[in-house]
Each structure stands twice: as C-alpha cells, then as structure tokens.
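Residue numbers (the working numbering): 1496 to 2376. Glycine included, C-beta positions come from ideal geometry on N, C-alpha and C. Written out below as structure tokens is the structure these notes cover.
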C-alpha cells in the first residue's frame, strides 16, 4: 500500500510541475485601459506548434493554461488596430501585464496562404481545397489523401489507427454511423474544412468525467452550400451487355435543419448498399446461427470487377435541431439487389500427411436482397444533461439460389427472412461534482430460415432418402434487455464511477431436417427445440487517476451469470452458474502535445451462446452437417495492447504503431470429419488454447511543395490454434506479413499522379506435418494518371497488376486498365468510362485454412463502356437560421 501511495505522490508532483498558468491584463497606451478581444496564443519557441489560445475579456484580463516540457515558450498577442507582439517567458506560472500601442491599419494588396493543416487545441483543420484535384468528385476522394486519416475498403475512417466514434456535418450527426452516404455523395467543392477532433467525447455531460482516446470527424461546408438546396441527377448508359447507372441526390443544411436524400441504381457492379453499413464501433451483432449455400466468395479485386448485379437503393435522412440542444433524427434506408456470381473452386484437405482429399466444383449463385431499416431518435445533449431515446427496425427478406456441379449438379434454395426491433434509452445528469447515468436496451429478433438441397449425398441421410430432396428448417427468435445504472464523482485528479446492471435474454431455436416429400419422419437426432434463458448481474467500479501527463484507468467488473438450457428431443436440461471477474488497466502518457503512449491490459471470461450447444444435427450447407456439444463453451481471454502515436500537423507527419496480443482458453474444440466430399463438424469437450498477435504501423507524410501525400503501412499477424481432423489432433500457425507504400501528388497544375504497391506473404504450418503448405505471395500494383488540359476537361488512365505465387497454381499475373474523361459545361458534367480495357475474363486466387487450401477461379465482368451525364442543380439561397 505504501508503494501505491508513493506512486500517486510522485505523479501528483509531476502534474504540479508541468501545469503552467499565465494570467494578467492587456492594456492599451496611452490611456492604459484594458482591451477586449485580443488574441492570446501560446506557442513553442520555434512557433511550430500551438499549445493553447484564448481572448481577453471585456476588462482586458486573460488566462491561459497549458502543459509543456519546454523551458521557454512564446506568448503571441494580436488584435485589430493594435500592434502585434511576441514575448518569451519562462515555463512556470506567473502573472504578466502587457501594454500594446495602437497600430493604424494600412490597406494594401496582401496574399496570405494558410497552411494545409493547422491545430487548435485538440482539433486539426484540413483545408479541403488544398488537397483537392480536378478529378476528385466527392469528399471521400479527398479524405483518402489527407495525412493522418485512413479510409478502409469498407468505407470506415480511422485516425491514430482507431475508428472514429462520430461523423458530423456542421457539428451534427445526421447519418447516425452510416457516413458512407456522405463521403460518397457530398461533392468536395462544397466542403471548406475537414476537422479531426481528438479525444472526442460525444456526450457533453461526460466531457470532464469519462475520457476517450477516439477521434471524431466534422465536415464544415462552404457558405455557398448552406441554406440552399443542392441536388444532382445522373443518367448513365453503357454496353456489353446493356448497362445503366442512375443517381439522384439532394441535400440541405442550415443551423436548425439537415437533410440528405439519395437514390442509386445500376447494373455495373457497384454496390450502393455498402453506403448503408453502420460504421461506428459497438453496434449490435447479428445472430451467428445461419444456413448458407455453397457459393463463390469475394476475390481480392475491386468489387466492380466481379459483381454482376441489378441494384436499387434509397436513403432518406432528416435532422431537426431545436433550442436547448434538442435534436430529432429520422433515417430510412431501402435496398433491393440481385447479385450473380460464378466460379470454379478446388479445395484440398490434408486428412493425413500422405492422404489428400480434393474437391472440385463449379459454383454459380443468385442472391436476391430486400432490406429495409429505419430509426427515429430524439436527443438532448447539453453540458449538464443528456437524454437519448431511439427506436429502430431492421427487416431482411432475401433468398439465395445456387448450383454446385461436381459429378452431378446439386441445387440449393435458401430463404432467410430476419426482423429486428430495438429500443434504446440513455440518460446522463450532472449534480455538482456528481454524475448519474441510466441506460436500457431492449431487443426483439426473429429469423426463419429454410434450406432445400437436391440431391443430398450425406451417407447419414442418403440411407433414408427416397427423393433425395431434403429440407432444413431453422427458426431462431430471441428477446433481450440490458439495463444499467451508475453513479460517479469527479474530484479533480481522481474520478470514480460505480455501475450496476442486469441483462436478461431468452432465445428459442427450432430446427428440423427431413426429406422434402415428408415420406421419411426425421428422428430426434435431426431435430432441435432448445430454450435458452440467461441472466447476468454485474457491478463495475471504475477508477481514473489524472497525474500530470499520465492518465491511469482501472476497472474491475464482477459478474454473476446464470443459465438455464433445455432441449426437448435430445433430453438436455442444464443449469449453470458462474462468477466472473474481468479486470482491465489502461495507461496513457502524453509525452508532449504531439506524442503519446498507451498501454492496455485486460482479462475477460465469457460463456458461449445458444447456437454452440445444439445437440441435434443441422445441415448448414449441402456439404456440411453440424452437431454441437452438449456442454456449453467457456472462454477465458487475456490480452495486452500497446500503441505509440506521433502527430505533427505543422510538418504534416503522422506515425502510428500498435500491437495487440491475445491468449484464449476454451473448454470446447471442433472436429472436422470427412466422408467423401462431405464434412461433419462436431464440438467436443477438450481444453485447448489459441494465440493471436497483430502488429501494425502506418506513416503518413504530407508534402506541401508538390501537394502530395505519402503513406506507408506495414503489418504482421500470427494465429496459433488447435483442432481435430479425422480424429487426429493438430496444432497449426498461420502467419501473414504485408507492406504497402502509397503516394498521391500534383506536382504540376496539369497533371496528378497516384500509386500504391501492396506486398503480402502468408504461410500455414501444421506441427508434425512438415512441408505441406508453401507460402502464398501476392502483389498488387495500382497507378493512376490524371491530365487536366483545361479547367473543364479531365482525362485519366489507370492500371492494376495482380500477381499471385503459390505451389498449387504457380505464378499468375493479371492486368486491368481503365481510361476515361470528364468534361464540365456550365452545371453539367459529361463522363465517359472505359473499364477493363484488356477484357480480362477471370482471376485465380489461393488461400489456406488450418488443414487445407482453396483455389478459386472467378468469372469477371467484361470490358465495358459507360456514358454518363450529371446535372448539378442549386436552389436559391435561404436564410441560414
């Protein structure tokens, strides 16, 4: 205990030493009266970093507080009609009165070029025009070129290697996490600034109580785009085959009203439903127990190379802002799509070192997607009070049909309607230094699935089969509620919160596998009727210590879990009670305003879900039967993560290094048994452990002289695990190394260049069976040239080269090329795009799993020519009230 006391005293001394307060008055000669509105900025001695800023009050008084390790710092004073002055002071708290002389303003021509990136306190400001080329159409195109900001393939945005926690437009969250609608539709020309708000706490009442190391993005529009209806209408046609690509877009923004509405439809391989993804972390996961058809997967090429579709998507998003920080959101999205895919697949499973099971099949599938989601949210977000009430609905009623050809054709039909209704309520209230929080989430979900396979060749089923057509019916419905209440106190350097909660969940799973003509009555081993009741009660004390540059967070939740599991046909009746203690420690050290280190240690114990304890057989697809253990899975996870971040906006340099390692212990292990080309997956009670490690590095550097951005990403991952195959126990390790430099630049007014190189190497090793798997190496080179003969004309040429090397397919190289042009006449854009110039018709890829490999050849879209015309409409300006 005395060591802990000494530890706290040490850091308390550190904070006292490093906190500096300068105060005083700004007075004007010769009358020596205080001057209001004078800008006070504290900077480093080299003036390359702003530590804090403020303005003088009506009396001329000022006060600035900051943290810095420098011995001497500068206080920069400026104001209209007064002289500018710089004074260097020793880095300790002191009172300084400053006298300024009047300075007459002489108007003359002056050109001021602001920096591309600037920082004020915890906010970075990116000037969009400084990163925009003539070919950039949406703000999403520009975000990819901004140093420090990373845009993933799925559209999610990362900063400091962490997903952003909010995406605002004019400081309001219109899209509620589906911000791909904004990044793919708002034109770059309508955006003035992209702001990155570091350590952003979305709930204002928690600003000084709960720390977050995540950032938020805020889009600041130009004045010409506010208070006015902005709309676009696109018509596109093409050939080989007949192609169409049409869009409608409208937006309106003013202080009390925001709106974005879109329609997109095409058959060119673009997936408009990707914009509807919820990209905030922590959203609800969907149920894992799903039937499927054997169909082609996703190759590592752009989706518009292989996706044959007919898509229609509509999005309606409205926000009303009222007085006293009140806000109402209405978000509606609908997607209808038909997606077709074709491939040739060769899968190999090593049953033993000498025995290889190979399965060759031709796969084709048609997936019909119908999805509707809507949410109505009322929110009050003030400094003292937070209230959130949200009701959301999600409905999917899609079908899939597939044909798999080995010796014979197997027809697969799948229907998967799924409906979710959820209500969320949150309340936060400040009482002096105290804090009260209440949260409740109630969720209803129902999924009814039916898989019809013809013919079925499982030995277990074919002995009973007459017609050879089998039905797998599966109904999964659940009700859950999560409720918690917490109290907290903020005592300067020490914050403590105490949370108590209860979670209840009921889940019913019905399944039946039987012959289609019902002539064979399925036995109990082919049926399930499982009822799952779970209750969890927990208490979580959370402590935060603020000591100078250190932030120390310690949490030790204690949870009691109780489960009652009953299954009718297989006579399963269990009651389980468990006590879990899951401590975690988080430490953040701010070396200086540009650099910080963080460390996180955690332990988490959980129980498995209902779909992991289903004793009856379920046909998941035409080649796999699943049978779970009668024992519930119990998992213990121990982990450590560490990160180092360096952000220097003045030099446009951003560096992030992070590593996460997890050790996982489980009481269940999964066994894969093969009979011919068919697979039975069974869970057994056998303690086992696995290990995973993820190391990633990202360096991003802006080069103002050539309006360029250079990034370099490197990563390493390793996964060690254990499993059973053909009654043999195996340990394996799967490793991947990747390296990706990329750049974009406009070194001349008439040309811009962008390019990247991705190199990755993956290997799989099964201990005790050497030299079965050889490394798979892949390279992806991409480049794009944009030419600007005039301000109205843009011509581009792009090229992609894919190279794959492995023992199964040898070395394969595939080239893609595109070209096109855009011409703007007043408010109309004319576009021509010619894609896949070389008419590349297929792509082959190879990858591993724990005990096998898979080689897939994908059918690609042919060369195609598209002509588009886009009308850019803008209404009359309204008062931006």
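| Item | Value |
| --- | --- |
| Of all the options 2094, 2062, 2053 and 2060, which has the alpha carbon lying nearest to the alpha carbon of residue 2074? | 2053 |
| Grab me the residues of residue 1497's own chain with a C-beta within less than 6 Å of its C-beta, minus the 5 sequence neighbours each way, in chain order. | Residue placement at residue 1497 cannot be trusted, given a pLDDT of 45 that sits under 50; the coordinates are not used to answer. |
| Tell me the residue span of the alpha helix (DSSP H) that contains residue 1799. | 1798 to 1801 |
| Report all residues from its chain with a CB closer than 6 Å to the CB of residue 2155; omit the five preceding and five following residues, and keep chain order. | 2136 and 2189 |
| Is it buried or exposed for residue 2173, if we count other Cβ within 10 angstroms and need 16 for buried? | buried |
| What residue ranges within the region 1620 to 1673 form continuous beta strand (DSSP E) runs of no fewer than 3 residues, ordered along the chain? | 1644 to 1646, 1652 to 1654 and 1661 to 1664 |
| Quick check on the DSSP output: what are the complete beta strand (DSSP E) runs of length 3 or more inside the region 1542 to 1616, in order along the chain? | 1545 to 1550, 1556 to 1562, 1567 to 1574, 1577 to 1585, 1593 to 1595 and 1612 to 1615 |
| Put residue 1699 into one of helix, strand or coil per three-state DSSP. | helix |
| Could you tell me the distance, in whole angstroms, from the CA atom of residue 1863 to the CA atom of residue 1806? | 10 Å |
| I think residue 2441 touches residue 2026, with their Cβ atoms under 8 Å apart; what is that distance to the nearest whole Å? | Given a span of 1496 to 2376 for the chain in the structure shown, any question on residue 2441 remains unanswerable. |
| Is it the case that the Cβ atoms of residue 2364 and residue 2324 are separated by a distance below 9 Å? | yes |
| Considering residue 2209, what are the terminal residues of the beta strand (DSSP E) in which it resides? | 2203 to 2220 |
| Measuring straight from C-alpha to C-alpha, what distance separates residue 1754 and residue 1814? | 6 Å |
| Just list the residues that DSSP pairs residue 1935 with in beta bridges. | 1920 and 1978 |
| Going by Cα to Cα distance, which pick from 1717, 1723, 1661 and 1855 is closest to residue 1696? | 1661 |
| Could you tell me the alpha carbon to alpha carbon distance between residue 1688 and residue 2000, rounded to whole angstroms? | 45 Å |
| In chain order, what residues of the same chain have a beta carbon less than 7 Å from the beta carbon of residue 1906, not counting five sequence neighbours either side? | 1898 and 1949 |
| In this structure, what does DSSP give as the bridge partners for residue 2136? | 2095 and 2155 |
| How far does the beta strand (DSSP E) with residue 2394 in it reach, from first residue to last? | Nothing can be reported for residue 2394: it is not among the residues displayed for the chain, which extend from 1496 to 2376. |
| Which residues in the same chain as residue 2375 place their Cβ atom closer than 7 Å to its Cβ, once the five residues preceding and following it in sequence are excluded? | Confidence is the limiting factor: at residue 2375 the pLDDT is only 46, short of 50, which leaves the residue's position unreliable and the question unanswerable from this model. |
| Where are the beta strand (DSSP E) runs, 3 residues long or more, that stay fully inside the region 2264 to 2309, in chain order? | 2271 to 2282 and 2288 to 2301 |
| Could you tell me whether any non-hydrogen atom of the ligand FMN is closer than 8 Å to the CB of residue 1979? | No copy of the ligand FMN occurs in the structure displayed, which carries no ligand at all. |
| Is the distance from the Cβ of residue 1770 to the Cβ of residue 1890 below 9 Å? | no |
| Between which two residues does the beta strand (DSSP E) holding residue 1994 run? | 1989 to 2010 |
| Quick check: is the beta carbon of residue 1785 nearer than 9 Å to any beta carbon in chain C? | Any reference to chain C falls outside this structure, which holds one protein chain only. |
| Can you name, in chain order, every residue of its own chain whose Cβ lies under 8 Å from the Cβ of residue 2221, other than the five neighbours on each side? | 1846, 1847, 2167, 2168 and 2169 |
| Count the other C-beta atoms from every protein chain shown that fall within 10 angstroms of the C-beta of residue 2124, then say buried if there are 16 or more, exposed otherwise. | buried |
| Going along the chain, which residues of its own chain have a beta-carbon closer than 6 Å to the beta-carbon of residue 2033, five neighbours each way excluded? | 1996, 2052 and 2054 |
| Assuming contact is defined by CB atoms lying nearer than 9 Å, are residue 2186 and residue 2138 in contact in what I supplied? | no |
| Is residue 1526 helix, strand or coil when you go by DSSP? | coil |
| Would you call the region 1627 to 1643 in contact with the region 2237 to 2257, where contact means no fewer than 3 C-beta pairs closer than 8 Å? | yes |
| Verify whether the separation of the beta carbon atoms of residue 1616 and residue 1681 is less than 9 Å. | no |
| Below 6 Å CB to CB, which residues in the same chain sit around residue 1767 once its five sequence neighbours on both sides are set aside? | 1759, 1806 and 1808 |
| By how many angstroms is the C-alpha of residue 2218 removed from the C-alpha of residue 2269? | 20 Å |
| Should residue 2356 go down as buried or exposed, given a rule of 16 or more other Cβ atoms within 10 Å for buried? | buried |
| Which residues mark the beginning and the end of the alpha helix (DSSP H) in which residue 1677 is found? | 1675 to 1678 |
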